[in-house]
Amino acid sequence: MRIPLAQYGVREIVLATVVLGALTAVGARLFWPSAILPAALWLFVLAFFRDPQRRGESADGFLSPADGKVVAVAPIAPDGPLEAPGTRISVFMDVLSVHVNRSPCPGRVESIRHHDGGFVDARRPEASQHNESATTILIVERGGRSFRVGIRQVAGLIARRIVTDLRVGQDVQRGGRIGMIKFGS
1 MRIPLAQYGV
11 REIVLATVVL
21 GALTAVGARL
31 FWPSAILPAA
41 LWLFVLAFFR
51 DPQRRGESAD
61 GFLSPADGKV
71 VAVAPIAPDG
81 PLEAPGTRIS
91 VFMDVLSVHV
101 NRSPCPGRVE
111 SIRHHDGGFV
121 DARRPEASQH
131 NESATTILIV
141 ERGGRSFRVG
151 IRQVAGLIAR
161 RIVTDLRVGQ
171 DVQRGGRIGM
181 IKFGS
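Residue numbers for the sequence shown follow the UniProt record's numbering, so the first one is 1 and each next one is one higher.
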């Protein structure tokens, strides 16, 4: 079975393969149990950068932009980036989650803003306000009206590097890859 890997992790995968492959080979020759840890770390790197296909049940519904656990659902004020009242759905990705992010719906990229910040544990409530993040606003046309959908990628303690693979004016498809939150600095 072939496991697709995220293009966003090519550099990390190659580096891990070279370094951890060498450590595994040396460990296997000197004292075979010492090869287990670097081999396990290499498998972790591959698992972190996996990029399986995602399909939604309904063509009309919204998809979650991230794998993980829904940790909060809360109203948002009309003075935020959406310029209208809405609902924020926060999804926490642990280190075993797929870290490739996807568009929840079809739309056109209106804006992308990067926000510098810290790297506290993303499960903490203040992380969404204080951690490094990137906010992408989509203009969505549905049922003869248009509205905004925001996607906010928030860095955490381990997954600290945000990749947003979009440009303003670009059309995105529902479930299309929009970026990744990966480990590194």
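By construction, the Cβ of each residue, glycine as well, lies at the ideal position given by its N, Cα and C atoms.
Under the three-state reduction of DSSP output, E141 falls in the strand class. Of the candidates P4, T136, T17 and A159, the residue whose Cα lies closest to the Cα of Q53 is P4. Nearest C-alpha to I178 among A28, W32, G27 and D51: D51. With distances taken between CA atoms, G118 lies nearest to Q129 out of E110, R108, Q129 and I112.
Counting of Cβ neighbours within 10 angstroms places P78 among the exposed residues, the total staying below 16.
In terms of Cα proximity to R55, the closest of D67, F49 and F48 is D67. In terms of Cβ geometry, P33 and F62 do not form a close pair [threshold 8 angstroms]. Within a 10 Å sphere around the beta-carbon of T24 sit 16 or more other beta-carbons, which makes this residue buried. Under the three-pair Cβ rule at 8 angstroms, the segment 92 to 112 counts as touching the segment 166 to 183.
Less than 8 angstroms divides the Cβ of E12 from the Cβ of V45. At a cut-off of 3 residues, the continuous stretches assigned as beta strand (DSSP E) that sit fully inside the segment 71 to 129 are 86 to 92, 100 to 102 and 107 to 115. Here the alpha carbons of D60 and G143 stand approximately 11 angstroms from one another. Counting other Cβ atoms within 10 Å of its Cβ, L138 reaches 16 or more and is therefore classed as buried.
Annotation for R161: the continuous beta strand (DSSP E) segment containing it runs A159 to T164. Exposure of F31 is indicated by the presence of fewer than 16 other C-beta atoms within 10 angstroms of its C-beta. The Cβ neighbour count for E57, taken over all protein chains shown within 10 Å, is under 16; the residue is labelled exposed.
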